[in-house]
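Q:
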Amino acid sequence: MYNQYEFGNLENYLLENKCNKNTSCEQTLNVHIFTGTVEFKKHRFKSVSLFLINAFDEKTLEIMSNIFVLLCITIALGMTINFLETETSDWFYILGVMASLVSIIISLCIQNVLEYYQDTFCRKCGNKLACEEVGEPIMKEKSNFRDYTLTVTRHWRCKYCGNVDTREGPENIFTEKGEMLPVIHLKSIECKKCSLSGAVVEFKKPDVKEIGNKRITRRYYKCTLCGNEDISESEEPINLSAHAHGS
Ligand SMILES: [Zn+2]
Ligand SMILES: [Zn+2]
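Following my numbering, the numbering of the sequence shown begins with 109 at its first residue and continues without gaps.
1) Sorry if obvious, but does the Cβ on C266 come closer than 8 angstroms to a heavy atom of ligand 1?
2) So what's V221 in DSSP terms, helix, strand or just coil?
3) Could you name the residues that DSSP lists as bridge partners for V308?
4) The alpha helix (DSSP H) with I246 in it runs from where to where?
5) On the criterion of 16 or more Cβ atoms from any shown chain inside 10 Å, does E240 qualify as buried, or is it exposed?
6) Excluding the 5 residues preceding and the 5 following V316 in the sequence, name in chain order all residues of the same chain whose CB lies nearer than 6 angstroms to its CB.
7) Starting from S155, follow the alpha helix (DSSP H) in both directions and report where the run begins and ends.
8) Can we say the region 291 to 298 touches the region 262 to 274, given the rule of at least three CB pairs closer than 8 angstroms?
9) Less than 9 angstroms between the C-beta atoms of K248 and F142, yes or no?
10) Kindly indicate the opening and closing residues of the alpha helix (DSSP H) around L179.
11) In angstroms with no decimal places, state the Cα-to-Cα distance between V146 and E223.
12) Could you check how far apart the C-beta atoms of L169 and I214 are, in whole angstroms? I think they sit under 8 angstroms.
13) Regarding K232 and ligand 1, is the C-beta to nearest heavy atom distance less than 8 angstroms?
14) For T257, which residues of its own chain have a beta-carbon under 7 angstroms away from its beta-carbon, when the five flanking residues on both sides are left out?
15) How would you call R327, buried or exposed, if buried means at least 16 neighbouring beta carbons within 10 angstroms?
16) Please name the residue in C331, V139, R323 whose C-alpha comes closest to that of S305.
17) Nearest to R323 by alpha carbon, out of S342, G234, C180?
18) Name the one or two DSSP bridge partners that D338 has.
19) Alpha carbon to alpha carbon, how far is C269 from K232?
20) Going by the beta-carbon positions, is the gap between L333 and E310 smaller than 9 angstroms?
21) Mind checking whether D273 and C302 have CB atoms under 9 angstroms apart?
22) Check the C-beta distance from F253 over to K312 and give it rounded, since I have them as a contact under 8 angstroms.
23) Just how far apart, CA to CA, sit L158 and N174?
24) Quick check on A163: buried or exposed, where buried means 16 or more other Cβ atoms within 10 Å of its Cβ?
25) Could you compute how far the alpha carbon of I161 sits from the alpha carbon of D227?
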């Protein structure tokens, strides 16, 4: 039901408004590189995070998160064994399912706290809750015929020692190469340069990324008559219940 991917994806909800703006594209041979600015990272459960980070260190938080995962597995196993051996009341199972769900949710929350811990921890002076995000976060997307990757670069400044740390990572944003459209769908597309329809083809598989609750597809078209290339982006809402990635 809940998994790390969905949680991480919600975390990036803030990116969704800006990700299509201020984006520039450079093309070298068969590689397209898109560079654009995104917003500062926003953390949820901030007061809980502050409380837990002040109270515990990183290791303890990691152990707590693992304990709740184990608890979830133990309860699920216990219920299965009990189900096979005896007849128990429905209440036992309802409570069991709820207890295992609650423990996995708590574990995911602690992982969220850990992310806040790592973001705000200064690696130079060793203070926790020390760093604030500064400057302009940049999202860089790289697309060739076979791969599509994405990284976000952020800058964190320590309020105690002034050190600025630049960190780069995929930030749990789901990316994949999508499928090309069936030829029948391309017939009606008109070339933006020579205005002829029926000659446009897709020249590589589309890039798909999921940010917040949106699935954004970027398609690459080329006119076979005049050679004009065109990149178009479309987005659709993600239906979380029909979502099967990583679960
Ligand atoms: Zn510092
Ligand atoms: Zn054309």
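Cβ atoms here follow ideal geometry from the backbone N, Cα and C, with glycine treated the same way.
Just so you know, these numbers come straight off a predicted model, no measurement behind them.
A: Let's see:
1) Yes, the beta carbon of C266 sits closer than 8 angstroms to at least one heavy atom of ligand 1.
2) Reduced to three states, the DSSP call for V221 is helix.
3) C331
4) Taken as a continuous stretch (DSSP letters only), I246 belongs to no alpha helix (DSSP H), being part of the beta strand (DSSP E) at 239 to 251.
5) That one is exposed.
6) E284, G286, T325
7) For S155, the enclosing alpha helix (DSSP H) covers residues 154 to 163.
8) no
9) Yes, Cβ-Cβ distance for K248 and F142 is below 9 angstroms.
10) 166 to 193
11) 19 angstroms
12) About 12 angstroms separates the two Cβ atoms, so there is no contact after all.
13) yes
14) In chain order, K250, T283 place their CB closer than 7 angstroms to the CB of T257, counting only its own chain and leaving out the 5 sequence neighbours on each side.
15) That one is buried.
16) C331
17) S342
18) Y329
19) When the Cα atoms are used, C269 and K232 turn out to be separated by approximately 8 angstroms.
20) Taking 9 angstroms as the Cβ cut-off, L333 and E310 do not qualify as a contacting pair.
21) For the pair D273 and C302, the CB atoms are not nearer than the 9 angstroms cut-off.
22) 5 angstroms
23) 20 angstroms
24) exposed
25) C-alpha separation (whole angstroms): 12 angstroms.
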